[in-house]
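The structure under discussion appears below in the form of C-alpha cells.
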Amino acid sequence: MGKRERTDFPGAVHHVMNRGVDGRCVFLDTGDYGLFLVGLAGLKAEMGFSVLAYCLMSNHFHLAIKVGRVPLARIMHRFESGYAGDFNKKHSRMGHLFQARYESRLVLSDRQFANTINYIHQNPVDAELVREAELWPWSSAALIAGGLL
Numbered sequence: 041m042g043k044r045e046r047t048d049f050p051g052a053v054h055h056v057m058n059r060g061v062d063g064r065c066v067f068l069d070t071g072d073y074g075l076f077l078v079g080l081a082g083l084k085a086e087m088g089f090s091v092l093a094y095c096l097m098s099n100h101f102h103l104a105i106k107v108g109r110v111p112l113a114r115i116m117h118r119f120e121s122g123y124a125g126d127f128n129k130k131h132s133r134m135g136h137l138f139q140a141r142y143e144s145r146l147v148l149s150d151r152q153f154a155n156t157i158n159y160i161h162q163n164p165v166d167a168e169l170v171r172e173a174e175l176w177p178w179s180s181a182a183l184i185a186g187g188l189l
C-alpha cells in the first residue's frame, strides 16, 4: 500500500501531530522543549510558513501550520528529522524518535480553525496537567490569549 496523498496548497492550514515511537517521550527535559521550538522557529524563517498554534506534550506534539510555497511534507520531513537527530545526539541514543509519519488534517473553515486551536490548547487540561490551557508553558495558549501570537 502506498503513501496517502495529502491535500496541500499555498496558504493551506494544517493541524499536524506526531507521537513518540511506542508511546515514548519525545521531550525528556525542558531543554528538549526549547530545542524543538528554536528548531521550528529557524525552519519557519527559512521555509516561509506560519505557526498559528502549538502544544508540546511529553510524548507527542500538535501544531497548526499555515504553509507558504514550500509543501507541508517537505517542511515536516526537514523538521522532524532535524529534531530527532538533535534529540538523539543530546541523549546519546539511536533509532527512530517518532512513531510514524506525522498525521495532518486540513483545516477548511473558520469554525474548524477555532475548534482545532481549542483542541490543541486543551491537551494539557484534558491530561489534568494544568487547570487552564494558558498555564501550560509548552503551548501557545498564553501567547494567543495575550495577543502575542
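Mapping to my numbering: the sequence shown position 17 is 57, numbers consecutive. A virtual CB, placed ideally from N, CA and C, is assigned to each residue, including glycine.
Extent of the continuous beta strand (DSSP E) run through residue i
{"i": "Ala81", "result": "Per DSSP, Ala81 belongs to no beta strand (DSSP E); it is in the alpha helix (DSSP H), Thr70 to Met87."}
{"i": "Arg59", "result": "Val53 to Arg59"}
{"i": "Phe101", "result": "His100 to Lys106"}
{"i": "Leu146", "result": "Glu143 to Val147"}
{"i": "Val91", "result": "Ser90 to Met97"}
Beta-carbon spacing of residue i, residue j below 8 Å
{"i": "Ala85", "j": "Ser180", "result": "no"}
{"i": "Tyr123", "j": "Phe76", "result": "yes"}
{"i": "Met87", "j": "Ile115", "result": "yes"}
{"i": "Leu83", "j": "Arg118", "result": "yes"}
{"i": "Val170", "j": "Trp178", "result": "no"}
{"i": "Glu174", "j": "Ala167", "result": "no"}
{"i": "His102", "j": "Ile160", "result": "yes"}
Bounding residues of the alpha helix (DSSP H) (the contiguous stretch that carries residue i)
{"i": "Ser121", "result": "Leu112 to Lys130"}
{"i": "Asp166", "result": "Asp150 to Asp166"}
{"i": "Leu183", "result": "Ala181 to Ala185"}
Closest Cα partner of residue i within the set the options
{"i": "Asn128", "options": "Phe49, Leu96, Val53 and Leu68", "result": "Leu68"}
{"i": "Pro50", "options": "Leu175, Phe89 and Gly187", "result": "Phe89"}
{"i": "Met57", "options": "Ala154, Leu80 and Cys95", "result": "Cys95"}
{"i": "Ala52", "options": "Gln152, Glu172, Val147 and Pro164", "result": "Val147"}
{"i": "Phe138", "options": "Gly186, Asp48, Cys65 and Ala154", "result": "Cys65"}
{"i": "Val165", "options": "Met97, His54 and Thr47", "result": "Met97"}
{"i": "Asp62", "options": "Asp48, Val107, Lys130 and Gly135", "result": "Gly135"}
Whole-number beta carbon distance between residue j and residue i, since they are thought to touch under 8 Å
{"i": "Gly60", "j": "His100", "result": "7 Å"}
{"i": "Leu112", "j": "Ser144", "result": "6 Å"}
{"i": "His54", "j": "Val91", "result": "Not quite, the Cβ-Cβ distance comes to about 11 Å (not below 8 Å), so this is no contact."}
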